[in-house]
Amino acid sequence: MASKGSKLTIGGLLFLGVISLFVVGSVIMIISMMMGVGVFETTEEEPETGGAYCEGGEVSKSKIDEVFESNAKGGGLEGKGDYIIKSAKKHKIDPQIFMAIIINETGYGQAEAVKTHNNVAGMMGSGDLFKFDSIEEGIDAAAKNLYDLYFSEGLNTPEKIGKKYAPVGAANDPDDLNSNWIPGVKKTIKQLNDGKASKAKCKASGGKFNDSGKDYKGKIPGWSNSDPGKGNLYTAGQCTWYAYGIRQKMGKPISTFWHDAHKWNERAKAEGYKVGSKPKKGAAWIAEQGAGGHSTVTGHVGIVIDVKSDNEFVVTEMNAAGGPYNVSQRTVKMEDGYSFIY
467 MASKGSKLTI
477 GGLLFLGVIS
487 LFVVGSVIMI
497 ISMMMGVGVF
507 ETTEEEPETG
517 GAYCEGGEVS
527 KSKIDEVFES
537 NAKGGGLEGK
547 GDYIIKSAKK
557 HKIDPQIFMA
567 IIINETGYGQ
577 AEAVKTHNNV
587 AGMMGSGDLF
597 KFDSIEEGID
607 AAAKNLYDLY
617 FSEGLNTPEK
627 IGKKYAPVGA
637 ANDPDDLNSN
647 WIPGVKKTIK
657 QLNDGKASKA
667 KCKASGGKFN
677 DSGKDYKGKI
687 PGWSNSDPGK
697 GNLYTAGQCT
707 WYAYGIRQKM
717 GKPISTFWHD
727 AHKWNERAKA
737 EGYKVGSKPK
747 KGAAWIAEQG
757 AGGHSTVTGH
767 VGIVIDVKSD
777 NEFVVTEMNA
787 AGGPYNVSQR
797 TVKMEDGYSF
807 IY
């Protein structure tokens with residue numbers, strides 16, 4: 467994989483010794499080869515949870531042994547599968563995504579940087595690879611970095627992480643290796659998910675998922691392009707324009723200022739709406755950028771009109787089949803990156 471773009475960061479105060487001696491850290495440049503890392507702190511403190519975080523995304527013991535440990539034999543990460551999951555949970559990131567990234571970046575720990583520097587993410591400073599005293603310290607540093615620079619900013623799916631971590635078309639990627647990053651990580655996640663361990667529920671901000679929203683009991687209103695709902699400022703013909711109008715006609719209005727679809731769940735939660743992971747009739751269904759093959763720029767939104775199970779539902783939507791202004795409906799199966807505004 468090609469090296470990543472440079473990042474600038476400022477070192478903090480580093481506590482030294484066991485007495486009141488301290489030194490003010492100097493300003494340094496951090497160059498990110500793979501994950502764009504800043505100055506690391508390896509304390510046992512839990513990170514703040516006011517920003518983004520994930521629940522679930524477990525990797526079962528059988529998958530740790532079958533997928534990870536069986537391929538990590540003889541490398542620098544042999545026997546460390548359990549610790550990788552533990553570190554992901556401690557830093558409030560999705561364990562499946564974290565393990566999948568480490569697998570893809572280090573070849574199950576066979577990379578030289580792992581063996582010589584205990585560095586599982588190619589993290590660099592002042593032109594040289596960071597060297598950690600133990601492999602556990604290196605794993606924790608990578609997890610903290612993934613939280614600080616990605617999950618805390620709402621970048622909590624392979625698609626969202628990949629756009630920043632391994633952007634397609636980057637000047638330092640002439641062989642277009644970055645185009646393989648998202649598919650590679652997603653393929654590994656599927657290998658780690660045995661269908662029994664829970665999938666991650668990732669929230670950009672504002673607290674945990676709340677699945678207590680109730681089904682809409684009425685009939686979903688009809689639609690007319692000439693009557694998109696009062697105060698509808700979304701771009702005419704787009705999925706957001708349609709979803710806003712339908713919700714208003716249902717008597718369950720939403721804001722006209724939430725911008726692109728992928729931002730709706732975060733902004734809805736901030737305004738007091740219940741946002742959850744289970745489909746319910748009348749809910750606005752949100753697909754994050756790239757989730758389920760939807761737009762990597764805007765995401766997508768539709769309205770749930772029928773629920774077959776927690777993993778399958780029917781939506782009505784605009785600008786999906788037939789382009790702008792065209793209304794259609796389809797059955798959708800749950801994917802990572804889907805959520806619902808009740």
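467 is the number of the first residue of the sequence shown in the working numbering; add one for each residue after it. Idealized CB from N, CA, C, for every residue including glycine. Bear in mind that the values here come from a model prediction, so they are computed numbers and not experimental data.
Helix, strand or coil at residue i according to DSSP, with G and I counted as helix
i      : result
Gln657 : helix
Ser671 : Summary for Ser671: the model assigns pLDDT 47, below 50, so the residue's position carries little reliability, and this model does not support an answer.
Val741 : strand
Thr572 : helix
Ala579 : helix
Glu783 : strand
His728 : helix
Thr706 : helix
Gln755 : coil
Tyr616 : coil
Lys715 : helix
Glu602 : helix
Ser761 : coil
Met565 : helix
Lys799 : strand
Ile559 : coil
Ser645 : helix
Val767 : strand
Glu778 : strand
Ala554 : helix
Cβ-based burial, residue i [other Cβ within 10 Å; buried from 16]
i      : result
Lys546 : buried
Asn622 : buried
Gln750 : Here the sequence assigns Ala to residue 750, which means Gln is not the residue at that position. By the 10 Å Cβ count, Ala750 comes out buried.
Lys539 : exposed
Arg796 : exposed
Phe564 : buried
Lys558 : buried
Phe723 : exposed
Ala702 : exposed
Gly788 : exposed
Leu658 : buried
Ser692 : exposed
Asp639 : buried
Val493 : For Val493, the predicted model reports a pLDDT of 33, less than 50, meaning its position is unreliable; a value from the coordinates is still stated below. It counts as exposed.
Backbone CA spacing between residue i and residue j [nearest angstrom]
i      : j      : result
Ile601 : Asp681 : 48 Å
Met499 : Ala786 : Any reading at Met499 must be qualified, since the residue scores a pLDDT of 37, below 50, and its modelled position is unreliable; the value itself is stated next. If I take the Cα positions, the gap works out to 38 Å.
Leu595 : Met589 : 6 Å
Ala636 : Val525 : 32 Å
Asp606 : Phe598 : 10 Å
Ile530 : Asp548 : 7 Å
Lys744 : Ile712 : 20 Å
Ser528 : Lys626 : 28 Å
Glu535 : Pro790 : 49 Å
Leu643 : Asn570 : 12 Å
Asp560 : Ile568 : 13 Å
Ala609 : Gly697 : 44 Å
Asp772 : Val798 : 10 Å
Asp614 : Gly620 : 10 Å
Ile497 : Pro694 : Only weak support exists for where Ile497 lies, its pLDDT of 34 falling under 50; the coordinates are left without a value.
Val634 : Ala734 : 31 Å
Asp641 : Ala632 : 13 Å
Ala577 : Asp660 : 27 Å
Glu544 : Glu732 : 39 Å
Lys718 : Lys774 : 22 Å
Ile550 : Met784 : 42 Å
Glu778 : Gly742 : 15 Å
Gln714 : Ile720 : 7 Å
Ala579 : Lys552 : 22 Å
Closest by C-alpha distance to residue i, when choosing among the options
i      : options                        : result
Ser833 : Trp707, Gly635, Gly717         : With the chain covering 467 to 808 only, the question about residue 833 has no answer from this structure.
Asp726 : Lys685, Ile627, His766         : His766
Asn792 : Trp751, Asp639, Gly695, Gln704 : Gln704
Thr782 : Glu625, Ala709, Val580         : Ala709
Ser794 : Lys729, Ala734, Ile769, Asp776 : Ile769
Met800 : Gly541, Ala538, Asp776, Asp660 : Asp776
Gln562 : Asp606, Ile655, Gly628, Leu615 : Ile655
Ala753 : Ser805, Gly620, Leu615, Ile771 : Ser805
Gly542 : Gly620, Gly523, Thr572         : Thr572
Gly575 : Val773, Asn537, Glu778         : Asn537
Ala554 : Gly604, Glu578, Asp802, Gln657 : Gly604
Lys556 : Asn611, Val580, Glu544, Ala579 : Asn611
Val763 : Ile551, Lys630, Lys774, Val651 : Lys630
Gly803 : Leu658, Lys652, Ile720         : Lys652
Ala683 : Asn638, Thr701, Gly748         : Per the sequence presented here, residue 683 reads as Lys, with Ala not at that position. Nearest option by C-alpha distance: Gly748.
Gly523 : Pro624, Tyr808, Ser692         : Pro624
Met716 : Val533, Tyr808, Glu532         : Tyr808
Contact with chain D by residue i, beta-carbon distance below 8 Å
i      : result
Asn792 : Absent from the structure: chain D. Only one protein chain is present.
| query | Per the contact definition of three or more C-beta pairs closer than 8 Å, is the region 578-588 in contact with the region 638-647? | reply | no
| field | contact_flag[the region 683-700, the region 728-744] where n(CB pairs < 8 Å) is 3 or more | value | no
| On the three-pair Cβ rule with 8 Å, is the region 757-766 touching the region 732-741? | no
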